[in-house]
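The opening residue of the sequence shown carries number 145 in my numbering; numbering runs sequentially from there.
Even for Gly, the Cβ is constructed at its ideal location relative to N, Cα and C.
This structure is a prediction, so every number in the text was calculated from the model and none was measured.
Beneath this line is the structure, given in structure tokens, with notes to follow.
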Amino acid sequence: MTKEFISLDELAGIVDLFGTLTRDAVDTAIVEMAFRHGIEVESKTRQDMITTAINQYRLVIYPSTSDERRSAQNSTEDASDTDPNIDETTVNRLAPGPTAFPTLPAHAADLPRILETDGQEINHEAATDAVMNRLRDDTAQAITTDDTELMEYLLDVTYDIETWAGAAAVNDDPIGEVRCRLDSALPER
145 MTKEFISLDE LAGIVDLFGT LTRDAVDTAI VEMAFRHGIE VESKTRQDMI
195 TTAINQYRLV IYPSTSDERR SAQNSTEDAS DTDPNIDETT VNRLAPGPTA
245 FPTLPAHAAD LPRILETDGQ EINHEAATDA VMNRLRDDTA QAITTDDTEL
295 MEYLLDVTYD IETWAGAAAV NDDPIGEVRC RLDSALPER
């Protein structure tokens, strides 16, 4: 049985409670929130919720620090080697994204004890870099496919990113460049 029991902003609120979480931890949090509502949510539905939040820039996914990556590897390996068998979903971090209005759902206060994690502080530089790279990729795709609806959405997202990232996004004005590309590609209004 599934029903909307948690909004994407509440999902961002759960992540915000911890700073950042892995995708697996967010999945577990969804299971716990569903349990509190007396429902069961299938794994695919949970993963779709997370993916939708990422696609809508409500959550941002960015690479974990090298120290975390090393701890996820076998301790007998040279720490400078990268193991291609590492499941990136267990080491990449999710943080509240630029379009989110993080809100805590009912019973979220129990999650730190249930998830047995304190989360991790947001690496703002890595998160901003990830958002900007994603924005550039999404912009290129929208322009290539002439997806006007996506271009308009991304244009709105540029303003959210500017506010969310602050000075980090203003350096060299990458937001302005993306905005200019989108404006140029959109039909006259």
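- Task: Can you tell me the Cβ-Cβ gap for T292 and P331, rounded? I've got them flagged as a contact below 8 Å.
- Result: Position 148 of the sequence shown, counted from the start, is the residue given in the question as residue 292. Position 187 of the sequence shown, counted from the start, is the residue given in the question as residue 331. A Cβ-Cβ separation of about 7 Å places T292 in contact with P331 under the 8 Å criterion.
- Start-end ranges of the alpha helix (DSSP H) lying completely within the region 149 to 201, minimum 4 residues: Correct list: 152 to 162, 167 to 180 and 187 to 199.
- Task: Apply the 10 Å Cβ neighbour rule to T243 and answer buried if 16 or more other Cβ atoms are within range, or exposed otherwise.
- Result: Mapped onto the sequence shown, residue 243 falls at position 99. Under this definition T243 is a buried residue.
- Item | Range covered by the alpha helix (DSSP H) that runs through L255 | If you number the sequence shown from 1, residue 255 lands on position 111. It spans L255 to L259 - the alpha helix (DSSP H) in which L255 sits, taken as one unbroken run.
- Sequence-distant residues of its chain with Cβ nearer than 8 Å to D327 (five each side left out): Taking the sequence shown and counting its residues from 1, one reaches residue 327 at position 183. Scanning its chain for C-beta atoms nearer than 8 Å, with the 5 sequence neighbours on each side dropped, one finds around D327 the residues L299, in chain order.
- Item | Contacting residues, own chain, Cβ-Cβ under 8 Å from S219 (five flanking each side not counted) | Position 75 of the sequence shown, counted from the start, is the residue given in the question as residue 219. Any reading at S219 must be qualified, since the residue scores a pLDDT of 39, below 50, and its modelled position is unreliable; the value itself is stated next. Correct list: empty, nothing qualifies.
- Report the rounded CA-to-CA distance for E321 versus N236, giving the unit in angstroms. In the sequence shown, the residue the question calls residue 321 occupies position 177. In the sequence shown, the residue the question calls residue 236 occupies position 92. C-alpha separation (whole angstroms): 28 Å.
- Message: I'd like the list of long-range same chain contacts for F162, defined as Cβ closer than 6 Å, with 5 residues on each side in sequence excluded.
- Response: For the purposes of this step, residue 162 is taken as the residue at position 18 of the sequence shown. Within the same chain, F162 has close Cβ partners G263.
- Query: What do you reckon, are the CB atoms on A271 and Y206 nearer than 9 Å?
  - Reply: One-based indexing of the sequence shown puts residue 271 at position 127. One-based indexing of the sequence shown puts residue 206 at position 62. With contacts defined by Cβ atoms closer than 9 Å, A271 and Y206 form a contacting pair.
- 7 Å Cβ shell around T196 - same chain, five flanking residues per side excluded: Taking the sequence shown and counting its residues from 1, the one referred to as residue 196 is at position 52. Contacts found: L152.
- Grab me the residues of D304's own chain with a C-beta within less than 8 Å of its C-beta, minus the 5 sequence neighbours each way, in chain order. Position 160 of the sequence shown, counted from the first residue, corresponds to residue 304. Its chain contains Y201, P242 and T243 as the residues whose beta carbon lies nearer than 8 Å to that of D304, once the 5 sequence neighbours on both sides are disregarded; these appear in chain order.
- To which residues of the same chain is L279 closer than 6 Å at the C-beta, ignoring the five residues directly before and after it? As a first step, residue 279 is located in the sequence shown; it is residue number 135 there, counting from the start. Within the same chain, L279 has close Cβ partners V322.
- Item | Contact set for T172: own chain, Cβ-Cβ below 7 Å, skip 5 residues either direction | Indexing the sequence shown from 1 puts residue 172 at position 28. If we look at T172 and ignore the five residues flanking it on each side, its Cβ neighbours are L259.
- Item | Spatially closest choice to D168 from I266, R190 and H181, by CA coordinates | For the purposes of this step, residue 168 is identified with residue 24 of the sequence shown, where counting begins at 1. Comparing Cα-Cα distances from D168 to each of I266, R190 and H181, the minimum goes to R190.
- Item | Where P249 falls: helix, strand or coil (DSSP) | In the sequence shown, the residue the question calls residue 249 occupies position 105. Coil.
- Query: Which residues in the same chain have their Cβ closer than 6 Å to the Cβ of H251, if we skip the five residues on either side of it in sequence?
  - Reply: The residue you call residue 251 lines up with position 107 of the sequence shown. These residues qualify, in order along the chain: R180.
- Item | Between the CA atoms of P256 and A156 - distance to the nearest angstrom | By 1-based counting over the sequence shown, the position of residue 156 is 12. By 1-based counting over the sequence shown, the position of residue 256 is 112. The C-alpha of P256 is placed about 15 Å away from the C-alpha of A156.
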